[in-house]
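S.K.: Below you'll find the structure I mean.
There are 2 protein chains.
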Amino acid sequence: MTDTDLLRRHGLRVTGPRLAVLEALESHAHLGADEVLRRVRTTLPSVSVQAVYDVLHALADAGLLRRIEPAGHPARYERRTGDNHHHVVCRGCGAVDDVDCAVGHAPCLVPSSTSGFAVEAAEVTFWGLCPACRTTA
Amino acid sequence: MTDTDLLRRHGLRVTGPRLAVLEALESHAHLGADEVLRRVRTTLPSVSVQAVYDVLHALADAGLLRRIEPAGHPARYERRTGDNHHHVVCRGCGAVDDVDCAVGHAPCLVPSSTSGFAVEAAEVTFWGLCPACRTTA
DNA sequence: ACGTATTCTGGAATCATTCAAGTAACCGTC
DNA sequence: GACGGTTACTTGAATGATTCCAGAATACGT
Numbered sequence: 001m002t003d004t005d006l007l008r009r010h011g012l013r014v015t016g017p018r019l020a021v022l023e024a025l026e027s028h029a030h031l032g033a034d035e036v037l038r039r040v041r042t043t044l045p046s047v048s049v050q051a052v053y054d055v056l057h058a059l060a061d062a063g064l065l066r067r068i069e070p071a072g073h074p075a076r077y078e079r080r081t082g083d084n085h086h087h088v089v090c091r092g093c094g095a096v097d098d099v100d101c102a103v104g105h106a107p108c109l110v111p112s113s114t115s116g117f118a119v120e121a122a123e124v125t126f127w128g129l130c131p132a133c134r135t136t137a
Numbered sequence: 001m002t003d004t005d006l007l008r009r010h011g012l013r014v015t016g017p018r019l020a021v022l023e024a025l026e027s028h029a030h031l032g033a034d035e036v037l038r039r040v041r042t043t044l045p046s047v048s049v050q051a052v053y054d055v056l057h058a059l060a061d062a063g064l065l066r067r068i069e070p071a072g073h074p075a076r077y078e079r080r081t082g083d084n085h086h087h088v089v090c091r092g093c094g095a096v097d098d099v100d101c102a103v104g105h106a107p108c109l110v111p112s113s114t115s116g117f118a119v120e121a122a123e124v125t126f127w128g129l130c131p132a133c134r135t136t137a
């Protein structure tokens with residue numbers, strides 16, 4: 001299935017910026033808005049900052065993109081959606097990588113006491129040092 | 001142990017703003033910097049914005065405060081540190097509450113594959129609706 | 001009490017992101 | 001294959017949380 005089909009299937013118009021954003025995140029996961037913009041502009045030099053933000057929001061709302069916001073870092077986006085995978089974030093350089101759920105099926109989705117909250121989702125973030133920053137430190 | 005002792009024990013100077021910040025977070029956990037400032041100013045009206053940020057950083061660096069940053073919300077601070085407890089965040093109003101770890105001892109601290117990262121900590125955030133927002137919706 | 005390192009004040013600057021108004025483009029219909 | 005309406009994009013400015021800077025004030029060891 002092409003990205004064009006993917007967009008249509010989700011009721012979204014097919015535009016250059018949208019295809020370019022999907023393309024950028026296909027080859028590089030966990031990019032920030034600024035990096036997405038930079039990559040998009042290598043093929044579509046006139047794309048505006050807001051276009052990228054609009055596209056990222058539209059695609060995230062449609063479920064085509066997942067947005068993650070590691071504390072202290074700008075938001076990142078990835079195409080891997082639907083599964084409950086988590087992330088490791090490097091304390092040194094901010095690099096992000098995927099981590100599959102640790103213990104069987106979604107263990108963290110069941111908190112002990114919810115204080116009356118209706119819990120819909122759980123999000124796990126691991127913090128540490130990436131291989132590069134480990135050797136530096 | 002008084003907050004004064006607590007500060008000295010951690011090698012920090014004892015100042016009005018620091019005591020006031022600790023005091024504010026003693027009675028109300030998960031306050032944002034703006035709410036801390038507002039509460040501090042009820043007793044010390046001349047405290048500056050930056051003083052509060054400096055104090056929050058100093059206390060967090062010393063391990064007296066824990067900083068949490070729910071995606072899409074300004075940072076919150078709490079005095080409960082050292083244990084690995086987690087948080088529920090309301091998608092409606094941003095309210096935060098504590099949640100003890102779900103499954104025995106820190107299950108989420110052991111990811112399946114770390115991609116070479118040296119993992120130091122795991123952070124779990126549950127998303128849902130607080131009691132108030134549930135009835136409204 | 002003195003002196004100095006640290007902290008606090010006040011104001012401006014930064015970053016990521018969003019808002020607003022006008023122009024351009026996608027795409028169902030003719 | 002052109003038309004028109006809706007949706008997306010462009011340009012430019014604004015926002016909110018946080019940080020930077022320089023100078024005045026304060027804590028606390030001597």
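Protein sequences appear in the order of chains P and L.
Under the working numbering, the first residue of the first sequence is numbered 1, with each subsequent residue one higher.
Under the working numbering, the first residue of the second sequence is numbered 1, with each subsequent residue one higher.
For each residue, glycine too, the CB sits at the ideal point set by N, CA and C.
(1) By DSSP's criteria, A122(L) is part of a beta bridge. Which residues make up the other side?
(2) If contact is defined by three or more beta carbon pairs under 8 Å, each pair taking one atom from either stretch, is the segment 14-31 of chain L in contact with the segment 125-136 of chain P?
(3) Can you round the beta-carbon distance between H139(L) and F126(L) to whole angstroms, since I take them to be within the 8 Å contact cut?
(4) Shortest alpha-carbon distance to V119(P) belongs to which of R41(L), A95(L) and D54(L)?
(5) Using only CA atoms, which one of L31(L), A60(L), D54(L) and V36(L) lies nearest to V89(L)?
(6) How should P45(L) be labelled, buried or exposed, when 16 other C-beta atoms within 10 angstroms of its C-beta is the threshold for buried?
(7) What span of residues does the alpha helix (DSSP H) with E23(P) cover, start to end?
(8) Any Cβ of chain L within less than 7 Å of the Cβ of T125(P)?
(9) My understanding is that R66(P) touches A60(P), with C-beta atoms under 8 Å, so please give their C-beta distance in whole angstroms.
(10) Just checking my contact of L25(L) with E78(L) at CB under 8 Å: how many whole Å lie between their CB atoms?
(11) For the candidate residues A29(L), S115(L), A62(L) and R18(L), whose alpha-carbon lies nearest to that of R41(L)?
(12) Taking Cβ to Cβ, would you say L37(L) is nearer than 7 Å to V21(L)?
(13) Run through the segment 48-83 of chain P for me and flag every whole beta strand (DSSP E) of 3 or more residues, listed as ranges in chain order.
(14) Please report the Cβ distance between L64(P) and H28(P), rounded to the nearest whole angstrom; I am assuming they are in contact, meaning their Cβ atoms lie under 8 Å.
(15) Per DSSP, which one or two residues make a beta bridge with C90(P)?
(16) Sort D98(L), V124(L), E123(L) and T114(L) by Cα distance to S115(P) and report the nearest one.
(17) Taking Cβ-Cβ distances shorter than 8 Å, what residues in chain L pair up with C90(P)?
(18) If we cut at 7 Å on Cβ distances, does A122(P) have a partner in chain L?
(19) Could you spell out the range, first to last residue, of the beta strand (DSSP E) harbouring D98(P)?
(20) For a contact meaning CB atoms closer than 8 Å, what does G128(P) contact in chain L?
(21) Decide if R76(L) is buried, meaning its Cβ has at least 16 other Cβ atoms within 10 Å, or exposed.
(22) Quick check on L31(L): does DSSP put it in helix, strand or coil?
(23) In three-state DSSP terms, what is R13(L)?
(24) Once DSSP output is grouped into helix, strand and coil, what is the label at H105(P)?
M.R.: Inspection of the coordinates gives the following:
(1) In DSSP, A122(L) forms a bridge with F126(P).
(2) no
(3) Outside the modelled stretch of chain L, which goes from 1 to 137, sits residue 139(L), for which no answer is possible.
(4) A95(L)
(5) L31(L)
(6) P45(L) is exposed by the Cβ-count criterion.
(7) That run of the alpha helix (DSSP H) goes G16 to S27.
(8) It does: the Cβ of T125(P) has a partner Cβ on chain L nearer than 7 Å.
(9) Sure, about 7 Å apart at Cβ, within 8 Å.
(10) 6 Å
(11) R18(L)
(12) no
(13) 66-68 and 76-78
(14) Beta-carbon to beta-carbon, L64(P) and H28(P) are separated by about 16 Å, too far to satisfy the 8 Å threshold.
(15) G128(P)
(16) D98(L)
(17) F117
(18) Contact with chain L is found for A122(P), since one of that chain's Cβ atoms lies less than 7 Å from the residue's Cβ.
(19) Annotation for D98(P): the continuous beta strand (DSSP E) segment containing it runs V96 to V99.
(20) Neighbours of G128(P) on chain L, chain order: T114, F117, A118, V119, E120 and A121.
(21) buried
(22) strand
(23) coil
(24) Summary for H105(P): the model assigns pLDDT 48, below 50, so the residue's position carries little reliability; its value from the coordinates is reported in the next sentence. Note: H105(P) maps to coil in three-state DSSP.
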